[in-house]
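If you read the sequences in order, they're chains A and B. For the record, in the first sequence the residue sitting at position 174 is 175 according to the numbering used here, with numbers rising by one throughout. For the record, in the second sequence the residue sitting at position 483 is 1433 according to the numbering used here, with numbers rising by one throughout.
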Amino acid sequence: MSEEQIVSFNRRSFMKTVTGAITGVIAVGSPLAALVPSRAWAVDLGALTDAQGAALLAMIRTIAPHDALDPAAYALVVAALDKDASGSPAAKTEMLAGIASLGVDFATASEATRVTTLKSIEASAFFQGVRVKTLLVLYNNPIAFAHFGYEGEAFSKGGYLFRGFNDLKWLPEVPLADSGPMPV
Amino acid sequence: MPKFDYTDDSVAVIVGSGAGGGTMAHELTRRGIKVVLLEAGGRLTPADFSQDPGVAFGQLTWLDPRTQSGTWDAAKTSPNMPAWHCKTLGGTTVHWTAATPRLQRYEMQARSTYGDVPGTSLVDWPMDHDELKRWYVVAEKRMGVTRRHGMPGMPACNNFKVMHAGAKKIGYKRVHTNYLAINTKARDDRGGCIQQGFCSQGCKTAAKWSTLYTEIPRAEATGNLDLRTRSFVTRIEHDATGRASAVIYRDANGQEQRQKARFVCVAGNAIETARLLLLSESARFPKGLANGSDQVGRNYCHHLTSFIWGVFDKPIYAWRGATLAGVVEDENIYNPSRGFVGGYHLELVALDLPTLPLVGMPYGWGRDFTDLIDNYRNLAGMLINGEDMPQSTNRITLSTTAKDANGLPVAHIHCDDHANDIALRNHARQQGTKMYEAIGARKVVTSPGSVATHQMGTARMSKDPATGVTNPHGRAHEVPNLFLSDGSVLPTPGAANPTLTIVSLALRQAEHIVKEMSAGRV
Chain A
2 MSEEQIVSFN RRSFMKTVTG AITGVIAVGS PLAALVPSRA WAVDLGALTD
52 AQGAALLAMI RTIAPHDALD PAAYALVVAA LDKDASGSPA AKTEMLAGIA
102 SLGVDFATAS EATRVTTLKS IEASAFFQGV RVKTLLVLYN NPIAFAHFGY
152 EGEAFSKGGY LFRGFNDLKW LPEVPLADSG PMPV
Chain B
951 MPKFDYTDDS VAVIVGSGAG GGTMAHELTR RGIKVVLLEA GGRLTPADFS
1001 QDPGVAFGQL TWLDPRTQSG TWDAAKTSPN MPAWHCKTLG GTTVHWTAAT
1051 PRLQRYEMQA RSTYGDVPGT SLVDWPMDHD ELKRWYVVAE KRMGVTRRHG
1101 MPGMPACNNF KVMHAGAKKI GYKRVHTNYL AINTKARDDR GGCIQQGFCS
1151 QGCKTAAKWS TLYTEIPRAE ATGNLDLRTR SFVTRIEHDA TGRASAVIYR
1201 DANGQEQRQK ARFVCVAGNA IETARLLLLS ESARFPKGLA NGSDQVGRNY
1251 CHHLTSFIWG VFDKPIYAWR GATLAGVVED ENIYNPSRGF VGGYHLELVA
1301 LDLPTLPLVG MPYGWGRDFT DLIDNYRNLA GMLINGEDMP QSTNRITLST
1351 TAKDANGLPV AHIHCDDHAN DIALRNHARQ QGTKMYEAIG ARKVVTSPGS
1401 VATHQMGTAR MSKDPATGVT NPHGRAHEVP NLFLSDGSVL PTPGAANPTL
1451 TIVSLALRQA EHIVKEMSAG RV
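Structural data, given as C-alpha cells:
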C-alpha cells in the first residue's frame, strides 16, 4: 500500500455509496504519524454497515492479534474484504451471512469467547477467506513494516551492504575461510 | 534481430529461456546455428522488477492453473499452486536464489548406494560423476560462482552468523556462505552484490546470474537468434519418419503459428516439458511424443523442504542480505544409520515480512501464530533442501478437469511422500532445531513442506530406451532430433539445488548436438 492510499483514509467522498465506516486515531509517537497528514482516519465501507465492519475488525484481530499494532492496519483488511463483498451480490450475501454467523455480540466479547466462536466456524469458507485475506493485507503495508521493524526494499538505498547486513555483534565473527571479504 | 521464416526447416527451435533453454540458445547461436527461441512469458529488464513482493510475484510467476493430488504437504499448503517457477524471459533464473551446489558421486549412484528401497524407482545416472564434474567447472566459470575458481565467498550476514554459531556448536564442520552464482566482485560486465535481499523478486543490480541478462543478450548479439516472447508452445509435430518437424505455438497476438525445425530442444521446466510431450501424442506416439517407455511425467521429484525459524531475544534483521548466503553441508552424505537414505542441505533463508506468513509458517491463527511475527526482527531462518525418492506414481499427467486459456488440459501433479521422505525431513528439522537451541533460541518453529520450487525427473535419461525417455545426452530415444534441456532429464534429484546441474547438462548437450550435426546425424 502506498502513502497515497493511507491519505485516502481521510477522503470520505472517494466512494460513491457509503454504507458504513471504521474510524480511528493514530497513536501519538507512532512511526505512522509521520506518513499521514492527520492522525484521525476513517475507512468508508461500501457493502458493510458500521456494526458489520466492527465485527469483521474484531474477527481479524482475533485471527492475528498484535496488541500494539495500530488499528489502522486492521482496518485495511476490513476495507479489502468490503471491496470484495462489493464486487457482486453473491459475494455480499456470503460475506453478510458469514458475519451474521459470528453472533450479535462478537465485536464486544472477550478474546477467549471470540476464539471459541471462531474455532466453531474454522472449517467454513468464510473463516478461511478472512484468514487468507488477513495474511495478504495485514503484513504488506507501511503500518506493518514500521511496527514489525521490516525495512523493505533496499535497492533505492544502495542495498544493505553498508547499512547493517552484518552488524550483529552478540555472536562470534565468522572466520574468513567460511565466508568472504567485504568488497573493496 | 533476424526473423527466420516459419517454413525454414534449417533452424533449431528451443522451447523455454531459463537455465537450460537460455544457455542452449547462447551455445548454439555462438557456434553459428540459427535458433528460434520461444518463451511463454514477456521480456522484463532489471529496471522493471518491482520491489513490492506481491507485485513481483505477479510479474514473474507461472500462474496458469494446475490441479494436484497426493499426500505431499503442498496439496494442503498450496492447493492451487503446487509449484512456484517463472513465466518470463530468463525463466526461473529470474527469481532463483542462485545456490549452485554440485551433486555428489553417491547421489548419482543412488540405486547402487541406497539399494532396493521399496516403493521407489531409484536408478543410477547413466553418466559418470567425473564427466558431470568436468561440465560443472565449465558452468561455474560461465555463471560466476562464489568460492569457486577465484570468486570470493559472500561476506557473512547476520542470519549466517547465527547459522554458523549454531552449526559449529553442535559439531558440524562444513558450514560456509554457500556456493552462489552471485558476483561478489564486478565480473563479466556485471557488478557485485550489494546485499539487498530480494533475490526472489529479480535482482535489480544483475549481480545474480540469470539468462535474462547474460546468455540471451549474448545469443542476440551473434545475429543468429530469433527471439519470440509471449509465445506459448502447444504441440511438437513429427514427420512420417518420426522426426520432430515443427513446433506449434500461440504467438503474442494469440494466433497459432507453426515453426518448422531441424531439431527441437525442450526446456519448459520439468512440469511443462512433460505436459508438452503428453500433449503431442499422435498415432505413432499414442502415449505422448517420445513416450514409448511410458516414463514421461513419472518419477517427478521436487526436493524436500521445510522452513526452520529460531526465535532469539536479540535482533538479527535476517532480511538484510543475499537470501541463501549460507549452508551446512555435513548431512549431504550417505549414512543410513540416521534412519533414511539420501541427504540434505540446511540452507540459510529469510523471507520478507509480507511473504513470511503466506509461505513460511505452519497453518494457524491466534496468539501462537502471531508470536513468531511479533519477533520478526529477532528471527533466524534456514530451509531444508533434501533428496526425495523418485516414485513412478509421482507423476505429471494431463488434467481431466482443468484447461488453460488455449483450451488445453493443464498439468496435473500427483505426489505422495515416501516414508524415507518423511524420515529425512523430520531428521533435518531436528538438527536445525538443535542448532538454534544450542545457542539460546527461546523457541524454534518449523513449517510444513512448501510449494515445489525445484522440478525434476519427469523425462529421465537412461541407457536403455525401455527405462527412460532420453539417452545420456538428453536426446529422446525415439525421436533422434528431439532434445530435452532442463531438469526433466535428471534421473534422481540428489540434494543439490538443480540449476547448476541443468546448466552443466545443457552446455554438454550443446557440444554433443554440434558434433552430431557435423557428422550429419542431426
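Think of the CB as a built atom: it goes at the ideal place given N, C-alpha and C, for glycine as much as any other residue.
query: By Cβ distance, which residues of its chain are closer than 7 Å to W1046/B, with the 5 residues on each side in sequence left out?; result: T1449
query: Between the region 1374 to 1384 of chain B and the region 1393 to 1402 of chain B, do at least 3 Cβ pairs fall closer than 8 Å?; result: yes
query: Determine contact between the region 1077 to 1092 of chain B and the region 149 to 168 of chain A, defined as no fewer than three beta-carbon pairs at a distance below 8 Å.; result: no
query: Does the CB of K1135/B have a neighbour CB from chain A at under 7 Å?; result: yes
query: Under 7 Å between the Cβ atoms of W1075/B and P1443/B?; result: no
query: Mind checking which residues open and close the alpha helix (DSSP H) that includes P1003/B?; result: P1003 to L1010
query: Apply the 10 Å Cβ neighbour rule to Q1245/B and answer buried if 16 or more other Cβ atoms are within range, or exposed otherwise.; result: buried
query: Among residues of its own chain, excluding the 5 on either side of R981/B, which ones have a beta-carbon nearer than 6 Å to its beta-carbon?; result: V1464
query: Answer yes or no: does any C-beta atom of chain A fall closer than 7 Å to that of G1004/B?; result: yes
query: Residues of chain B with a CB under 7 Å from the CB of E154/A: which are they?; result: Q1001 and F1148
query: In whole angstroms, give me the CA-to-CA distance for G1437/B and Y1086/B.; result: 15 Å
query: DSSP three-state label for F163/A, please.; result: coil
query: Under 7 Å, Cβ to Cβ, is there at least one residue of chain A near I1132/B?; result: no
query: Taking 7 Å as the threshold (C-beta atoms), are L1296/B and V1309/B in contact?; result: no
query: Against Y140/A, what residues of chain B qualify as contacts under a CB-to-CB distance less than 8 Å, listed in chain order?; result: L1303, P1304, L1306, P1307 and I1323
query: What are the residues of the region 1261 to 1273 of chain B that lie near chain A, defined by any Cβ-Cβ distance shorter than 9 Å?; result: F1262, K1264, P1265, I1266, Y1267, W1269, R1270, G1271 and A1272
query: Hey, would you say A1373/B sits closer than 7 Å to F1290/B, going by beta carbons?; result: yes
query: Can you name, in chain order, every residue of its own chain whose Cβ lies under 6 Å from the Cβ of A1352/B, other than the five neighbours on each side?; result: P1015, T1017 and V1360
query: Tell me whether T995/B is buried or exposed, calling it buried when 16 or more other Cβ atoms sit within 10 Å of its Cβ.; result: exposed
query: For a contact defined as C-beta to C-beta under 7 Å, what are the partners of F166/A on chain B?; result: C1107, N1108, Q1145, R1270 and G1271
query: Determine the DSSP secondary structure at D1367/B, reduced to helix, strand or coil.; result: coil
query: Closer than 7 Å, CB to CB, is F149/A near chain B or not?; result: yes
query: Can you say whether N1108/B is buried or exposed, counting buried as having 16 or more other CB atoms within 10 angstroms of its CB?; result: buried
query: Between which two residues does the alpha helix (DSSP H) holding I64/A run?; result: D51 to I64
query: Just curious, the beta strand (DSSP E) that A1033/B is in, first and last residue?; result: From DSSP, A1033/B is part of no beta strand (DSSP E); its letter is neither H nor E.
query: Between which two residues does the alpha helix (DSSP H) harbouring N1109/B extend?; result: N1108 to K1119
query: Among N1370/B, Y1294/B, F1182/B and T1255/B, which one has its Cα closest to the Cα of L1358/B?; result: F1182/B
query: Given that a residue counts as buried once 16 or more other Cβ atoms are within 10 Å of its Cβ, and exposed if not, what is E1057/B?; result: buried
query: With 7 Å set as the bound, which would you pick, yes or no: does the beta-carbon of Y75/A sit closer than that to a beta-carbon of chain B?; result: no
query: What would DSSP say about F1257/B, mapped onto helix, strand or coil?; result: strand
query: Using the beta-carbon of each residue, which ones in chain A are nearer than 7 Å to R1317/B?; result: P66
query: Using CA coordinates, which residue listed in Q1151/B, A1131/B, G1147/B and S1454/B is at the minimum distance from G1008/B?; result: Q1151/B
query: Run through chain B and tell me which residues come within less than 7 Å of S102/A, C-beta to C-beta.; result: Going along chain B, no residue has its Cβ under 7 Å from S102/A, so there is no contact; the nearest lies around 17 Å.
query: Is the distance from the Cβ of G1094/B to the Cβ of N1133/B below 7 Å?; result: yes
query: Is any beta-carbon of chain B found at less than 7 Å from that of S125/A?; result: no
query: For the region 43 to 64 of chain A, enumerate the residues whose C-beta is nearer than 8 Å to any C-beta of chain C, in chain order.; result: Looking at the structure shown, chain C is missing, and the protein chains on hand are A and B.
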